[in-house]
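K.L.:
Numbering (the UniProt record's numbering), first residue to last: 1 to 166.
1) Pop quiz: residue 112 and residue 79 are said to be a contact at Cβ under 8 Å. What is the actual Cβ separation, rounded to whole angstroms?
2) With distance defined between alpha-carbon atoms, name the residue in 161, 97 and 160 nearest to residue 13.
3) Specify, as a first and last residue, the run of the beta strand (DSSP E) that residue 20 falls within.
4) So, using beta-carbon positions, are residue 144 and residue 29 closer together than 9 Å?
5) Could you round the C-beta distance between residue 110 and residue 71 to whole angstroms and report it? I think they count as a contact, below 8 Å.
6) According to the Cβ coordinates, are residue 116 and residue 52 closer than 9 Å?
7) Can you give the beta carbon distance from residue 59 to residue 7, rounded, assuming they're within the 8 Å contact cut?
8) Please identify the residue among 9, 92 and 105 whose C-alpha is closest to the C-alpha of residue 174.
9) Can you tell me whether DSSP reads residue 114 as helix, strand or coil?
10) With a threshold of 16 other CB atoms inside 10 Å of the CB of residue 118, please say whether the residue is buried or exposed.
11) Sort out for me which residues DSSP pairs residue 59 with in a bridge.
12) Quick check on DSSP: helix, strand or coil for residue 44?
13) Taking a contact to mean a Cβ-Cβ separation below 9 Å, would you say residue 83 touches residue 127 in this structure?
14) Which residue's Cα is closest to the Cα of residue 107: 130, 68 and 56?
15) Taking the alpha helix (DSSP H) that residue 149 falls in, what are its first and last residues?
16) Starting from residue 80, follow the alpha helix (DSSP H) in both directions and report where the run begins and ends.
17) State the DSSP-derived secondary structure class of residue 88, mapped to helix, strand or coil.
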């Protein structure tokens, strides 16, 4: 899959918004959304939230999985354990969403934490591939973005390992 395809899939995820005005029902092919009023905090797909924000009809709330405290905890778990820590499946795809959220404290800090997590997870994958000794490879909690980045390399390594066994 292409990175843009993964991002499009990620944009189907629901996110909280704060409507700035009364928004009537949005009749879309997928479903009907709304109506929304200013005191509600509804969850809608990200692609709709971005359209409403662009029209200045809502503010997008920062998803909880981008909370710096949660990211610091994940980073520490990644450092302390050989296994991958479970993270939100679209963490890496949605990093561009940060600039659209109004309640972000420090965007740079969040990006740095996510990049550190990504670096450690890449290193774990590389280390695991160096130690591969069978036809099975344990990739629990690997996100689709990460798998997509390593897919070709993984297939080549697994193919080489299979040939060596034969």
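The beta carbon of each residue, even a glycine, is placed where N, CA and C say it ideally should be.
Keep in mind that this is a model prediction, so the values were computed, not measured.
P.N.:
This is what the structure gives:
1) In fact, because the Cβ distance is near 15 Å, the residues do not count as touching under 8 Å.
2) 97
3) Run containing residue 20: none; DSSP gives neither H nor E here.
4) no
5) 7 Å
6) no
7) With 8 Å as the limit, residue 59 and residue 7 do not qualify as a contact, their Cβ atoms being about 22 Å apart.
8) The question about residue 174 has no answer here: the residues shown for the chain are numbered 1 through 166.
9) helix
10) buried
11) 18
12) strand
13) no
14) 68
15) 144-165
16) 68-80
17) coil
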